[in-house]
Amino acid sequence: MVTKSRLKMALAHEKGVDFKKLHQKKVAKQASKKKQKKSGGAAEDSEGEEWEDDEEEVKGGAPIDDDEDDDDSEDDDEEERDVAAYLDDSASSDSEVEMEEKIARVRQPKQSALKQKPSKKAAAAVEEDDEDDDEEDPEEDIALEDLEDLPDEDKEDLVPHQRLTINNTTALEAALKRISIATDKSVPFKSHMSLSSLEPTADNIPDVMDDLKRELAFYGQALEHVKQARSLLKAENVPFSRPNDYFAEMVKDDGQMEKVKARLVEEASAKKASAEARKLRDLKKFGKQVQVNKLQERQKAKKETLDKIKTLKRKRAENSGDLGTHEADLFDVGVEEELGKHDSKKRGASRDGDRPNNKRMKKDQKYGFGGKKRHSKSGDAISSGDLSGFSQKGMKQGTKGKPPKTARLGKSRRNAGKR
Amino acid sequence: MGGAYKSLNGSEKADSASANGARKQKSRVLIVPSRGVTYRHRHFINDVSSMLPHGRKDVKFDSKSKLYQLCELAEMSNCNNLLYFEARKGQDLYMWLSRVPNGPTVKMHCQNLHTMEELHFVGNCLKGSRPVLSFDAAFDKEPHLKVIKQLFLQTFGVPEGARKSKPFIDHVMAFTIADGKIWLRVYQINETEKAKAGEDGETEKTYSKNRTKETDINLVEIGPRAVFTIIMMQEGSFGGPIIYENKEFISPNQVRSDLRRQQAGKHNARSEQFVERLAKKGDLGLRTHGGKKMPKDALDSRELFA
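Which chain is which? The protein sequence lines are A and B, in order. For the first sequence, this note's numbering puts the final residue at 419, and the numbers step up evenly by one. For the second sequence, this note's numbering puts the final residue at 725, and the numbers step up evenly by one.
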């Protein structure tokens with residue numbers, strides 16, 4: 001009869017609902033309705049009777065007619081609403097969610113009957129495809145779609161055993177009507193906050209496998225809608241952007257964001273390091289040349305200074321008679337001072353003693369100085385998560401295909417070398 | 420049980436709410452994973468539920484056949500939407516979306532799941548802020564997609580004034596149909612100051628705009644990512660007739676078995692060749708045992724010098 005969940009039954013019991021009485025009431029109501037219909041119109045009358053018949057059939061487990069199903073359930077609905085509504089009210093009156101009224105179908109038997117429906121419907125659609133314009137003809141659909149893209153030789157002995165397309169448009173539309181909440185301009189945008197684009201986004205995606213273009217299309221769709229949504233929400237005076245001093249729990253917690261940051265930093269530093277390494281490699285390539293150039297330059301500079309000194313000396317020798325000792329003194333003193341300065345600098349550095357000698361420093365660097373020595377080489381979470389040494393290319397090449405660089409010579413040639 | 424207590428001491432609040440002309444959309448979502456989800460599925464489900472402040476996560480459901488029990492579960496926890504993640508074979512994830520008492524129900528296959536954590540995206544948003552839902556135009560083209568759009572709207576859209584929701588809007592959920600599948604992306608809405616233009620006249624303008632807080636919008640992805648393939652739709656909630664079935668959907672089992680068969684095909688072809696070769700050799704009389712013996716030729720050296 002009225003199949004309700006156990007909880008609801010309990011609740012009904014608590015409230016003192018008498019199902020028998022309700023049922024009687026319902027029967028009486030039905031009778032009165034029938035009378036009304038009879039007096040009202042002949043067309044409606046027949047429908048009502050059909051409805052009655054249907055229900056009986058359903059109870060008997062016989063298949064029901066498909067087309068009238070929707071009307072039936074609605075009628076059903078009206079009849080049993082007093083029970084259902086009562087129960088539903090009591091169940092969800094104080095709660096946050098308003099559950100929609102349960103369409104109190106006679107659940108069990110109907111389901112068993114309806115299970116046969118898809119196949120039956122398919123058959124019906126094949127037989128009377130002119131009747132239902134919305135419904136696709138499954139048989140024809142397959143034949144067309146699959147035969148087109150098959151080569152000719154396969155077409156001959158083909159048994160189309162694909163599953164049938166079910167696309168019950170009327171039922172879908174009924175379901176849509178039942179559940180839909182308005183998203184058009186009659187309701188404020190803030191109530192639903194959904195937008196749909198005018199052009200299908202798939203048009204902007206030439207190839208679904210092309211990650212970059214695909215993601216760009218998705219991004220474009222979202223961005224356009226966000227812009228629309230912002231203007232709509234601002235028009236409705238809904239706070240949109242979060243003020244800087246508003247702190248609340250985020251979807252990703254701080255630990256997670258920290259990880260993301262660490263990863264970003266690591267990526268950036270890895271990029272930098274690789275760039276530097278490349279630079280060094282390039283330098284090494286031209287290093288020899290650079291070194292030669294530098295040596296040559298130094299040689300050149302030395303030669304030039306020597307030449308200058310030579311010319312100075314020559315000039316001095318020439319002018320020694322005229323100018324006397326004055327300039328000569330100056331010149332000598334200048335040289336000596338320079339030398340003395342250099343010497344004192346060197347001596348001072350060695351005397352300071354705040355830095356150990358180079359050998360010590362090198363050794364400290366090599367063997368370590370201070371700090372914990374143990375476990376420095378054992379792996380940890382970071383090192384095991386570090387995949388920087390891993391390259392897909394290397395994996396794809398495989399290890400076995402790599403020949404040794406210096407292949408061993410053949411026996412005869414080796415022996416020839418001995419002689 | 421709280422719901423039951425409340426309803427026992429019920430008041431007439433619901434009636435007053437329904438009496439209002441435009442009543443608020445109130446809905447709650449029950450999120451149920453099935454038994455046998457993998458760690459990736461679990462993380463994905465957690466990510467989804469972290470985005471739904473009006474959602475309630477239930478324990479893993481341990482039944483593959485009696486799915487109608489889920490309806491009662493949802494009714495008991497006072498939810499009118501149901502999001503059921505069904506794992507099969509420890510690898511495939513199916514998502515069921517349903518309106519609870521009357522349906523409809525959609526079953527989808529989830530592929531390419533990527534959780535928030537593994538994606539390492541920089542984006543982040545408030546837990547429980549209401550998303551802007553962005554739908555592709557294709558959702559308005561066909562009736563079954565229209566229904567799915569409504570279901571997405573009511574499940575993933577946070578209703579206005581939900582209890583744990585935050586007052587600002589800082590992320591967008593995008594549903595796009597490409598290649599016959601539904602692609603889910605979640606982005607953070609990032610507002611930046613408008614970049615100043617190079618020309619003199621323009622700088623002045625942008626400056627004045629900055630005063631009025633005119634900002635540029637860009638998006639930063641948050642995650643998770645997923646691709647859904649529609650399998651079928653039922654009229655009722657986990658029951659009733661099938662009102663839509665996707666012919667293009669190929670079950671992952673089928674895909675796997677095809678792959679295996681393809682690999683096995685190589686061996687089969689080779690062994691067939693071997694048998695054929697033997698038969699051919701036998702026919703030519705080249706085999707020592709079995710096969711056809713060739714008639715002795717008169718010019719054979721063994722005949723000539725016998």
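Ideal Cβ placement from N, Cα and C applies to all residues, glycine included.
- prompt: Where B/PRO550 and A/ALA28 are concerned, what is the direct C-alpha to C-alpha distance, given to the nearest angstrom?
  reply: 50 Å
task: Give the DSSP-derived three-state secondary structure of A/SER194 in the structure shown.
output: strand
query: For the beta strand (DSSP E) that contains B/HIS533, what are its first and last residues?
result: 524-533
message: Looking only at its chain, what residues have a beta carbon closer than 7 Å to the beta carbon of B/GLN398, apart from the 5 residues adjacent to it on each side?
response: For chain B, the structure presents residues 420 to 725; residue 398 of chain B sits outside this window and is missing.
query: Taking Cβ positions, are B/LEU449 and B/ASP477 nearer each other than 8 Å?
result: yes
task: Report yes or no: is there a C-beta of chain B within less than 8 Å of the C-beta of A/SER194?
output: yes
message: Counting only Cβ-Cβ distances shorter than 8 Å, please list the residues of the region 660-694 of chain B near chain A, keeping chain order.
response: PRO660, ILE661, ILE662, TYR663, GLU664, LYS666
query: When DSSP labels each residue in this structure, what does B/ASN500 get in the three-state scheme?
result: strand
- prompt: Would you call the region 165-178 of chain A and the region 663-683 of chain B in contact, with 3 or more CB pairs under 8 Å?
  reply: yes
message: Between which two residues does the beta strand (DSSP E) holding B/ALA645 run?
response: 644-653
- request: Please determine, among B/GLU612, B/GLY710, B/SER548, the residue with the shortest C-alpha to C-alpha distance to B/LYS585.
  value: B/SER548
- request: Give the straight-line distance between the Cα atoms of A/ALA277 and A/SER383, rounded to the nearest whole angstrom.
  value: 21 Å
Chain B contact for A/ILE382 (CB, 8 Å cutoff): no
task: Would you check if there are 3 or more beta carbon pairs closer than 8 Å linking the region 524-531 of chain B to the region 645-654 of chain B?
output: yes
query: Nearest chain B C-beta to A/ASN358 closer than 8 Å, yes or no?
result: no
- request: Leaving aside the five residues before and after A/GLN365 along the sequence, list all residues of the same chain whose C-beta is less than 7 Å from its C-beta, in chain order.
  value: none
message: Give me the residue from B/LEU705, B/ILE649, B/MET514, B/LYS583 with the minimum Cα distance to A/ALA248.
response: B/LYS583
message: Which residue marks the beginning of the beta strand (DSSP E) containing A/ALA174, and which one marks its end?
response: Run containing A/ALA174: none in the beta strand (DSSP E); it sits in the alpha helix (DSSP H), 169-179.
- prompt: With 8 Å set as the bound, which would you pick, yes or no: does the beta-carbon of A/GLY255 sit closer than that to a beta-carbon of chain B?
  reply: no
- prompt: Residues of chain A with CB under 8 Å from B/HIS539, in chain order?
  reply: LYS259, VAL260, ARG263
query: Residue ranges of each beta strand (DSSP E) run of no fewer than 3 residues wholly in the region 229-291 of chain A, ordered along the chain?
result: none
field: According to DSSP, residues forming a beta bridge with B/ASP511
entry: B/ARG507
- prompt: Is there contact here, the region 229-245 of chain A with the region 171-189 of chain A, by at least three beta-carbon pairs under 8 Å?
  reply: yes
message: Is B/ILE650 close to chain A? Criterion is C-beta to C-beta, closer than 8 Å.
response: no
- request: Report buried or exposed for A/TYR367, applying the criterion of at least 16 other Cβ atoms within 10 angstroms of its Cβ.
  value: exposed
- request: Tell me, to the nearest whole angstrom, how far the beta carbon of A/GLN228 is from that of A/LEU195; I am working on the premise that it is less than 8 Å.
  value: 6 Å
- prompt: Nearest chain B C-beta to A/LYS185 closer than 8 Å, yes or no?
  reply: no
- prompt: Starting from B/LEU705 and walking both ways along the alpha helix (DSSP H), at which residues does that stretch end?
  reply: Looking at the DSSP string, B/LEU705 is not in any alpha helix (DSSP H), and its letter there is neither H nor E.
- prompt: Shorter than 8 Å from the beta carbon of B/ALA556 to some beta carbon of chain A?
  reply: yes
query: Relative to chain A, which residues along the region 586-602 of chain B have a C-beta separation below 7 Å, given in chain order?
result: PRO586, PHE587, ILE588, ASP589, VAL591, ALA593, THR595, ILE596, ALA597, ASP598, TRP602
- prompt: DSSP puts B/GLU640 in a beta bridge; with which residues?
  reply: B/TYR606
query: For B/ALA698, which beta-bridge partners are listed by DSSP?
result: Looking at the DSSP assignment, B/ALA698 forms no beta bridge with any residue, so it has no partner.
- request: Just mark A/PHE369 as buried or exposed, buried being the case when its beta carbon has 16 or more other beta carbons within 10 Å.
  value: exposed
message: Taking 8 Å as the threshold (beta carbon to beta carbon), is B/LYS546 in contact with chain A?
response: yes
task: Please list the partners that B/ASN465 has in chain A, where partner means a Cβ-to-Cβ separation under 8 Å.
output: The premise fails here: B/ASN465 is roughly 10 Å from chain A at the closest Cβ pair, so nothing lies under 8 Å.
query: B/PHE594 lies in the beta strand (DSSP E); which residues open and close that run?
result: 590-597
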